[in-house]
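So for the sequence shown, my numbering puts the first residue at 299; every next one is plus one.
These notes are about the structure you will find just below.
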Amino acid sequence: MLYRTGGYLLVAALVLSAVSCTRLSRTTPHEGPAVAIEEMPYSNSVPLEWGQLISVTADATWPASTLWFQNEAGEVRLVGYHYESRRLLDSVAVIVRR
Numbered sequence: 299m300l301y302r303t304g305g306y307l308l309v310a311a312l313v314l315s316a317v318s319c320t321r322l323s324r325t326t327p328h329e330g331p332a333v334a335i336e337e338m339p340y341s342n343s344v345p346l347e348w349g350q351l352i353s354v355t356a357d358a359t360w361p362a363s364t365l366w367f368q369n370e371a372g373e374v375r376l377v378g379y380h381y382e383s384r385r386l387l388d389s390v391a392v393i394v395r396r
């Protein structure tokens, strides 16, 4: 009797978990202008106008880190640092606060 009740509870739990699962909607990028891209002025230094370094992110599948800077106006700039060449990458993404 105990095994039968346990079996019913297990089946009920499996059915409830399967029913409660819903597919997540796919996210789409916001419409409107894209993030601005600037040319990197130097390959070995960062302009003072960029402000403070606020974060560094790394990805094990990419041989570079992303450096995040924020100035006093709130603009955020992202630039990659390539490990092997020990240089900053050529393009800079700029996120402007409005």
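Yeah, the Cβ is synthetic: ideal placement off N, Cα and C, and Gly gets one too.
Note that the coordinates shown come from a computational prediction; the quantities given were computed from them, not determined experimentally.
Out of curiosity, what's the CA-to-CA distance linking residue 303 and residue 313?
15 Å
Quick one: give me the first and last residue of the beta strand (DSSP E) that residue 377 is part of.
374–380
With 16 other Cβ atoms within 10 Å as the buried cut-off, status of residue 394
exposed
Check whether residue 358 and residue 376 have beta carbons under 8 Å apart
no
Apart from the five residues just before and just after residue 366, which ones in its own chain have a Cβ nearer than 8 Å to its Cβ?
351, 352, 353, 354, 355, 374, 375, 376
Does the separation of the CB atoms of residue 370 and residue 349 fall below 8 Å?
yes
Considering Cα atoms alone, identify which of 319, 360, 372, 347 is closest to residue 381.
360
Backbone CA spacing between residue 319 and residue 311 [nearest angstrom]
12 Å
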